[in-house]
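Per UniProt numbering, residue 1 is the first one in the sequence shown, and the count goes up by one each step.
Heads up, the beta-carbon is just placed ideally off N, CA and C, and yes, glycines get one too.
Please read the structure below before turning to the comments.
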Amino acid sequence: MGPPGITVNVIGSGLTLTDATAGQPREMHEQVAAITPLRRPGIPDDIAGAVVFLASSLSDYLNGEYLPVAGGSFMI
1 MGPPGITVNV IGSGLTLTDA TAGQPREMHE QVAAITPLRR PGIPDDIAGA VVFLASSLSD
61 YLNGEYLPVA GGSFMI
């Protein structure tokens with residue numbers, strides 16, 4: 001995808017409780033939690049762990065990947 005040493009990956013987050021989602025109805029958060037296998041919305045630290053992983057040398061061989069961080073809600 002790019003020159004050697006440059007990788008491009010993406011994180012697909014589910015509902016994550018942030019200032020941006022604070023105005024959404026509580027019922028919406030409860031509905032999402034009810035259909036998420038981990039039974040809760042995400043928090044910023046959940047996403048941060050994936051970001052740290054992708055920014056580390058542990059992910060050097062990942063390229064062009066989609067990493068869902070959504071409590072299992074994207075499982076089929």
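Report the CB separation of T21 from L15 in whole angstroms; it is logged as a contact under 8 Å.
7 Å
How about A48 and L67: do their beta carbons lie closer than 8 Å?
Not a contact, by the Cβ cut-off of 8 Å.
If you follow the alpha helix (DSSP H) that L54 is part of, which residue opens it and which one closes it?
44 to 55
Specify, as a first and last residue, the run of the alpha helix (DSSP H) that I6 falls within.
Segment: none, I6 is in no alpha helix (DSSP H) and carries neither H nor E.
L71: buried (16+ other C-beta within 10 angstroms of its C-beta) or exposed?
Strictly speaking, residue 71 in this sequence is Gly, with Leu absent from that position. Label assigned to G71: buried.
For S73, name the three-state secondary structure that DSSP assigns.
DSSP places S73 in coil when its eight states are reduced to three.
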